[in-house]
Structure formats: structure tokens, C-alpha cells
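J.:
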Amino acid sequence: MTITYKKSKAVLSDVVSVEETEGLLEWLQAHPKGKLDLSGCVHLHTANLQVLMAARPSIAAWPRDAGLAAWLRAALNDEKKEI
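The sequence shown begins at 11 in this note's numbering and counts up by one.
(1) Check whether the Cβ atoms of V52 and D75 lie closer than 9 Å to each other.
(2) Under the three-state reduction of DSSP, which class applies to L86: helix, strand or coil?
(3) Are the beta-carbon atoms of H50 and A20 separated by less than 9 Å?
(4) Can you tell me the Cα-Cα spacing of A70 and M63, whole angstroms?
(5) Is G44 helix, strand or coil when you go by DSSP?
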């Protein structure tokens, strides 16, 4: 499992596949003020990206990979463009 769910934070790491999508959606619906830690994420399936685009969760940490971070910031219309 590449997503670890905590009380108020979900930590995404490694390759987050399509199989993780339903669980991510359910967690975000149950925790509307929950935050995401993407620092360890190296790939995010587009189904998960769609969930993030719809849910608009708070991002506690962006991916360490600058390219992935820039792509996600652009896709999620994050106003902070610093990487």
C-alpha cells in the first residue's frame, strides 16, 4: 500500500496506482480538512489526480521530485509556484 492514512493526514509514497483511488476518495470525503503529504510520491496515476482536482485537499508537502511537484502544482492550480 502506497498510501498511509492517519487521523488528519494521508501520506502518499512511491508509485500511487489506480488501485489506490477509491480509498483515497473515501478518506478525503471522510476527512474534508485532512492534509496530504506527497513528499515521497514519485508517480501519481491520473485517476488519483482527478480525485485531488475534485476534492481540492490541502497539501502539507509537495513531492521532492521537482518535475512531479511542478506538474501537480499546475494541475491543482496551486498559487505558490515555488519549488
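Ideal placement from N, C-alpha and C gives every residue a C-beta, glycine not left out.
T.: Here's the rundown:
(1) yes
(2) coil
(3) Reading off the sequence shown, one finds Gly at residue 50, where the question assumed His. Going by C-beta atoms, G50 is not nearer than 9 Å to A20.
(4) 16 Å
(5) coil
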